[in-house]
Every structure is written in structure tokens, then in C-alpha cells.
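Colleague:
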Amino acid sequence: MSKRKLKDDISRDCISKVQRLLRERFFCQSPNGKLFGTKLQHRDLLELLKRTALHGESNSVLIIGPRGSGKTLLTHHILKRLTEDKQIRDNILQVHLNGLLQTNDKIALKEITRQLNLENVVGDKVFGSFAENLTFLLEALKRGDRAHSCPVLFILDEFDLFVHHKNQTLLYNLFDIAQSAQAPIGVVGMTCRLDILELMEKRVKSRFSHRQIYLMNSFDFKKYLNICKEQLSLPPEFPEKKFSQKWNKNIQSFLEDKKVQDVLQNQFHYNKDLRSVSMLLMFALSSITVSHPYITVSDLLEASRLCRMDSRANIIHGLSVLEFCLIIAMKHLNDIYEGEPFNFQMVYNEYQKFVQRKAHTVYNFEKPVVMKAFEHLQHLELIKPVEGSSMSTQREYLFMKLLLDNSQIMDALQVYPNCPTDVKQWAMSSIN
Ligand SMILES: Nc1ncnc2c1ncn2[C@@H]1O[C@H](COP(=O)(O)OP(=O)(O)OP(=O)(O)O)[C@@H](O)[C@H]1O
Ligand SMILES: [Mg+2]
41 MSKRKLKDDI SRDCISKVQR LLRERFFCQS PNGKLFGTKL QHRDLLELLK RTALHGESNS
101 VLIIGPRGSG KTLLTHHILK RLTEDKQIRD NILQVHLNGL LQTNDKIALK EITRQLNLEN
161 VVGDKVFGSF AENLTFLLEA LKRGDRAHSC PVLFILDEFD LFVHHKNQTL LYNLFDIAQS
221 AQAPIGVVGM TCRLDILELM EKRVKSRFSH RQIYLMNSFD FKKYLNICKE QLSLPPEFPE
281 KKFSQKWNKN IQSFLEDKKV QDVLQNQFHY NKDLRSVSML LMFALSSITV SHPYITVSDL
341 LEASRLCRMD SRANIIHGLS VLEFCLIIAM KHLNDIYEGE PFNFQMVYNE YQKFVQRKAH
401 TVYNFEKPVV MKAFEHLQHL ELIKPVEGSS MSTQREYLFM KLLLDNSQIM DALQVYPNCP
461 TDVKQWAMSS IN
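Residue numbering for the sequence shown is 41 to 472, as defined by the working numbering.
#1: Between the stretch 215-233 and the stretch 154-165, are three or more C-beta pairs nearer than 8 Å?
#2: Between the alpha carbons of residue 157 and residue 176, how many angstroms are there, rounded?
#3: Does the stretch 209-218 come within contact of the stretch 235-247, defined as at least 3 CB pairs closer than 8 Å?
#4: In the DSSP output, what is residue 440 paired with across the bridge?
#5: Okay, do the stretch 132-144 and the stretch 282-302 touch, 3+ Cβ pairs below 8 Å being the bar?
#6: Beta-carbon separation of residue 451 and residue 398 under 9 Å?
#7: Any heavy atom of ligand 1 closer than 8 Å to the beta-carbon of residue 238?
#8: Could you tell me the distance, in whole angstroms, from the CA atom of residue 118 to the CA atom of residue 192?
#9: How would you call residue 168, buried or exposed, if buried means at least 16 neighbouring beta carbons within 10 angstroms?
#10: Can you tell me the Cα-Cα spacing of residue 111 and residue 78, whole angstroms?
#11: Buried or exposed for residue 271, going by 16 or more other Cβ atoms inside 10 Å?
#12: Taking contact to mean 3 or more Cβ pairs, one atom from each stretch, closer than 8 Å, check whether the stretch 364-373 and the stretch 439-451 are in contact.
#13: Between the Cα of residue 321 and the Cα atoms of 347, 107, 116, 309, which residue gives the shortest distance?
#14: Note down, in chain order, each residue of its chain lying with its Cβ closer than 6 Å to the Cβ of residue 51, except the 5 sequence neighbours on either side.
#15: Going by Cα to Cα distance, which pick from 420, 413, 359 is closest to residue 436?
#16: Could you tell me whether the Cβ atoms of residue 340 and residue 300 are closer together than 9 Å?
#17: Could you check which residue in 99, 128, 116, 203 has the C-alpha nearest to that of residue 249?
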């Protein structure tokens, strides 16, 4: 085997190791990853849950923060820390619920039963009320006296969705049990709604301990850059020492580049959360290959372009000229009637006016063909029927709304391939 081939093999292996490591770091909510800027919150929550796990103290707490601020990640970290302790691991049960999955209390109760492995115990029993059922489940976990009851941690992700359940029964019962210390339970809710307390019914709110932990991404740009650096750097234990040294050096100079800082600053001002910057960096990292082993400024610029791409404007590029003409007709209708809904007939008339003016260059399609194009736009969700419009109305007269704004249409027009000049001019004219 030639020397060159051997060298390539090493770097290929090395590159796949780098990609695996960074992908895991960015995308898996692995509790082994780093947590930034949540030291105090981590300490408070760990302390609280430890008290439940070790002393059977009932607690309830809400973790509140915007999307992507690390609520789920923080909870995973804490649970990992908790279960590292053997005494706690053997002494605690966890129930994970998610407001997006358990959409009513019946489903939630079924899931609780399943996660606690109590399906056999419950069997065909019929319960009078939700509370009776939940109490039965918790009773079933008791080992002799109360002091030896097994603490249960209820982790409720997307907590705000549980308040829409009928009478907020699940929340009421969980908080009631926690407050009255009937059984040792810890309730941890995660939500991005800052007004979550207002959403709770009075009787639920009064049973909640009012402990709240906020995650607010409260770091400045310097810290933000440091986080990017840490996330992109390879750890000292990376097997290919020489490569990792070079990689880390490259990251250092990469982040010092003015253009890189501009992109990151833009991202920072647009959205401070670490999830979006992870996405941006991951896009940039995906261009790493054996022949292009170090991340460059242009990778990040391309990634930023991809992240900011407007998906609707992209759809327009794939439309036929007729469909594009209809979009322009709708744009003109929107300008004339100031955003009032339109129907097919109005769009068709508008289109006809244009075709008659330019009869020598634009092909006049028959009405059913135009209708088909119109329906295609609806399938692509570029237009949609106005809410409340009756389905019995004839197709031609159903009121619709355009889901694109003028700037999106005009931007798409610039890059629309082979757009006939007349159509272009028609789109740009303010009076048609
Ligand atoms: N403090 C942090 N430290 C490290 N990474 C973070 C932090 N906060 C967010 N992230 C990154 O953002 C991703 C999303 O975080 P997470 O899913 O915990 O957010 P969330 O607050 O639960 O969002 P949502 O409200 O959408 O559920 C994580 O996988 C992680 O990569
Ligand atoms: Mg989450």
C-alpha cells in the first residue's frame, strides 16, 4: 500500500470521527454534552430533586424559558447526575410526559400506568374519578409505611399544553398530592410560556409551590463566541492528537475572522438561543471532507445563506409561467383592494386583461387550465381559502388569501429562470 493511501485512510477515519463527535454534540440531547450559563439553575434544581429522591420531600417546580434555551437539556443533565448516585437510582421512579403526546388526561393516565409498570396491578379495575385512579397508582408503589414509599418524579415537557386539558385535572391532582404530601412526588414542568401562572386555574395555582427556574439565554456576544468556540473545538481526549491541535488552531483563527464574527453577530441579534447557532454551525461543518478538512469562512457564509433561505420563495422558482402569472395577478389585486380576499374569477379577469394587452407574446390558456394552475397553487399552500368560507360555494367564487408578500414575489422574480420580459414588466408595474 502506498504511503499516500495510508495517509488518506487515516484522515478519512479522522474526519468521520470529527463529524460523529460534533454531530452528537450538536444534535443529540446527550447529558454528556456541555451546558452553558445555567450553573445556578442547575444547582437549584438538582438540590430540589435530591431532596425528593433522598428524603421523600414532595416538590413542584417550573422551568421557564424561550424555545431552544436548554430546558430539556438541563433536565436531562440533572436526571443523569441524580441517577449517577446508586442510592438515588434504586430509590426513584421517573414518569416522562409531553403535552404534545398526551393530549388529554386519559391518555396521560394510561401513559403513567405504563411507565410505572402497573398495568397488571390496575387490570380491569374501574375507578370513579381521575384522582382515585392516580392515588391508587401511587399507593401501589408504597412499600409498607410512608417513609419507604418510592418517590416518583413527574417530568412534564410542554407543560403549558396540559392546562388545556379538561378541568386541568392532571395538574390539579399532581400539585395536590405534592402539596399535601400524600405520597413523595416531584413535579417538574417545562414551558416557554412566561405567562404560565395566568393560564392555571385558581385551585391549581394555589396548590403549586410557585418555585420557578428561568432560563433566559442571558449571555453577551463575547460569551456567545466562547460557546461557539467550545462547541467547535475537539476535546483533549480526541485520538488523533496532531489533527485535533491543528483543528483547534483553525477554529481559533476562524472565530477571529471579521466576516465570521459578523455572521455570528447577526445570528446573535436575530436569535440568541443556542439551538439556532448549533444549526448554523452544523450546516457549515457538513462541508468538511477529506479534501476539505478544516472549516472556512465561506462554509459559514454558505451555511448562513441556507439558514436564511425563504422556503416559500423557493417554491415560486419551480412554478410554471402561468402559475407565476396568477401570483402576479393576485399581487395586483392585493394592491388594489388592500389585502382583501379574492376569488378565482377575479384573478382570471386580471390575467385576461394582461393576456389581451400582450396577445402577440403571451399564450392565452383556456379557463379550465387556468383553474388547474390555481388549484395547484392552493396545494402548494401559496394561497388558502379564507376561514369561514362555505365549501358549498362554487370553486370560482371561493374567497382566497395570498400567503406571500410583495417582497417575496419580487425577490423570486429576480431569480425566476427564463421569465418572459412582459411578465416581468407586468409584475413590476404598479398600475396594471
Ligand atoms: N445552556 C445550553 N448549553 C448548551 N447547549 C444548549 C444550551 N441551551 C440550548 N442548547 C442547545 O440547544 C438545543 C436545544 O435545547 P433544548 O431542547 O433543551 O431546548 P428547550 O428549551 O427544551 O426548547 P423547547 O422549548 O423547544 O423544548 C440543545 O440540544 C443544545 O444543543
Ligand atoms: Mg424542550
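Using N, Cα and C, we set each Cβ at its ideal position, and we do this for glycine too.
Modeller: Walking through what the data contain:
#1: Segments in contact, no.
#2: Taking the straight line from one Cα to the other gives about 13 Å.
#3: Counting Cβ pairs under 8 Å, three or more are found: they touch.
#4: Bridge partners of residue 440: 382, 425.
#5: Contact between the stretch 132-144 and the stretch 282-302 is absent: fewer than three C-beta pairs spanning the two stretches fall below 8 Å.
#6: At a Cβ-Cβ threshold of 9 Å, residue 451 and residue 398 do not count as neighbours.
#7: Not under cutoff, so the answer is no.
#8: Taking the straight line joining both Cα atoms gives about 15 Å.
#9: Exposed is the call here.
#10: Between residue 111 and residue 78, the C-alpha separation is close to 10 Å.
#11: Per the 10 Å Cβ criterion, buried.
#12: With the rule of 3 Cβ pairs closer than 8 Å, the stretch 364-373 counts as touching the stretch 439-451.
#13: Nearest to residue 321 by alpha-carbon distance, out of 347, 107, 116, 309, is 347.
#14: Counting only Cβ-Cβ distances below 6 Å, and skipping sequence neighbours, we find 330.
#15: Considering only alpha carbons, the answer is 413.
#16: The answer is yes: Cβ separation under 9 Å.
#17: Residue 249 has its Cα closest to that of 99, out of 99, 128, 116, 203.
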